[in-house]
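Numbering (this note's numbering), first residue to last: 9 to 208. Beta carbons are placed, not taken as given, at the ideal position from N, Cα and C, and that holds for glycine.
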Amino acid sequence: FSILVSHVLVPPAMEAILSGENCLVQGFLAAGHVCAVMGYNEYYPIAEKYKVPVVVTGFEPLDILQGIYMTVKQLEEGRYEVENQYSRAVDKEGNLTAQNIVSRVFKVGTRKWRGIGEIPDSGLVLQDAYIEYDASLKFGLAEIVVEEPKECISGIILQGLKKPHECEAFGKICTPERPLGATMVSSEGACAAYYRYRKK
């Protein structure tokens with residue numbers, strides 16, 4: 009068998025976005041399903057260093073609304089803390105058993121992010137003991153370069169520089185059924201969420 013690894017680590021990507029000279033991001037809704045495994049301790053230094061609130065949030069409509077409310081409340085009060093909206097499923101430490109298994113099989117490595125490029129230490133790769141199962145090496149996939157469609161601005165959206173509805177392709181040639189970029193591919197992506205909850 010083979011494993012094609014595409015796991016990402018969010019905190020390094022957050023830092024890459026926040027350290028950009030044109031960064032407009034004022035806060036983050038941290039993905040609750042990721043934090044259920046990984047916990048959210050890594051967000052504290054980011055909130056402190058960049059003075060941004062981080063709210064661990066679920067994906068139900070009420071979760072998202074409450075996460076937004078908690079983020080805006082922090083901004084209005086001049087706070088930049090890590091809060092957990094999704095406490096019914098997430099605790100600060102995460103699932104230590106799962107983390108241990110992940111660390112035995114994977115190690116941290118550089119990762120290419122669609123629409124952004126390479127971010128050091130922002131992904132997982134197989135540990136040397138499992139390298140023989142790496143599909144990217146076994147089938148020469150590492151050399152494949154995939155260009156984003158020119159109409160797609162998902163990298164700009166990921167960085168918070170534009171909103172999904174500002175993309176000319178949004179809802180026309182880019183939909184959840186036929187996504188052009190990363191922010192529409194995933195159901196929790198910004199474009200997919202805008203598309204799902206847009207006014208009809």
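Report yes or no: do the stretch 47 to 60 and the stretch 90 to 110 share at least 3 C-beta pairs separated by less than 8 Å?
yes
Counted within 10 angstroms of its Cβ, other Cβ atoms place R119 as buried (16 or more) or exposed
On the sequence shown, residue 119 is found 111 positions in, with the first residue counted as 1. By the neighbour-count rule (16 or more Cβ atoms within 10 Å), R119 is buried.
If contact is defined by three or more beta carbon pairs under 8 Å, each pair taking one atom from either stretch, is the stretch 137 to 149 in contact with the stretch 173 to 190?
no
Rounded Cβ spacing between A97 and G66 (contact assumed at less than 8 Å)
As a position in the sequence shown, residue 97 is number 89, starting the count at 1. As a position in the sequence shown, residue 66 is number 58, starting the count at 1. So it is a contact: roughly 7 Å between Cβ atoms.
Neighbourhood of L83 by C-beta distance below 7 Å, restricted to the same chain and skipping five residues each side
Locating residue 83 in the sequence shown gives position 75, where the first residue counts as 1. Its chain contains Q34, G35 and P61 as the residues whose beta carbon lies nearer than 7 Å to that of L83, once the 5 sequence neighbours on both sides are disregarded; these appear in chain order.
Spatially closest choice to K59 from Y77, A38 and L26, by CA coordinates:
For the purposes of this step, residue 59 is identified with residue 51 of the sequence shown, where counting begins at 1. The shortest C-alpha separation from K59 is found at L26.
Pull up the distance between the alpha-carbon of P156 and that of L188, whole angstroms please.
Translated into the one-based positions of the sequence shown, residue 156 becomes position 148. Translated into the one-based positions of the sequence shown, residue 188 becomes position 180. First, the amino acid is wrong: residue 156 is Glu here, not Pro. When the Cα atoms are used, E156 and L188 turn out to be separated by approximately 8 Å.
Straight-line Cα distance separating M78 from L37:
As a first step, residue 37 is located in the sequence shown; it is residue number 29 there, counting from the start. As a first step, residue 78 is located in the sequence shown; it is residue number 70 there, counting from the start. Answer to the nearest angstrom: the Cα atoms are 10 Å apart.
In three-state DSSP terms, what is L134?
For this step, residue 134 is matched to residue 126 along the sequence shown. In the structure shown, L134 sits in a strand (DSSP, three-state: E or B).
Just confirm the distance between the C-beta atoms of N108 and V45, as a whole number of angstroms; I'd bet it's less than 8 Å.
Stepping through the sequence shown from its first residue, residue 108 is reached at position 100. Stepping through the sequence shown from its first residue, residue 45 is reached at position 37. About 11 Å separates the two Cβ atoms, so there is no contact after all.
Determine the contact status of G123 and S162, defining contact as a CB-CB distance below 9 Å.
Here residue 123 is taken as the residue at index 115 of the sequence shown, counted from 1. Here residue 162 is taken as the residue at index 154 of the sequence shown, counted from 1. Going by C-beta atoms, G123 is nearer than 9 Å to S162.
Could you check which residue in E68, A24 and L73 has the C-alpha nearest to that of I54?
Numbered from its first residue, the sequence shown carries residue 54 at position 46. If we check each option's Cα against that of I54, A24 comes out closest.
With a cut-off of 8 Å on the beta carbons, I'd call S10 and K146 a contact; round off their distance for me.
For the purposes of this step, residue 10 is identified with residue 2 of the sequence shown, where counting begins at 1. For the purposes of this step, residue 146 is identified with residue 138 of the sequence shown, where counting begins at 1. Contact annotation, S10 with K146: C-beta distance approximately 5 Å; criterion of less than 8 Å satisfied.
Which of the three DSSP states is assigned to L17 in this structure?
Counted from its first residue, the sequence shown places residue 17 at position 9. Here DSSP, grouped into helix, strand and coil, assigns L17 to coil.
Rounded separation between K100 and C43 - CA only
The residue labelled residue 100 in the question sits at position 92 within the sequence shown. The residue labelled residue 43 in the question sits at position 35 within the sequence shown. So the alpha carbons of these two residues sit roughly 8 Å apart.
Determine the direct distance from the alpha carbon of V18 to that of G28, and round the result to whole angstroms.
Here residue 28 is taken as the residue at index 20 of the sequence shown, counted from 1. Here residue 18 is taken as the residue at index 10 of the sequence shown, counted from 1. Computed Cα separation, rounded: 16 Å.
According to DSSP, what are the bridge partners of E91?
Reading the sequence shown from its first residue, position 83 is the one you call residue 91. Looking at the DSSP assignment, E91 forms a beta bridge with V63.
Can you tell which of S14, V13 and L32 has the C-alpha that lies nearest to the C-alpha of I164?
As a working note, residue 164 is residue 156 in the sequence shown. Looking at the Cα atoms, L32 is the closest of the given residues.
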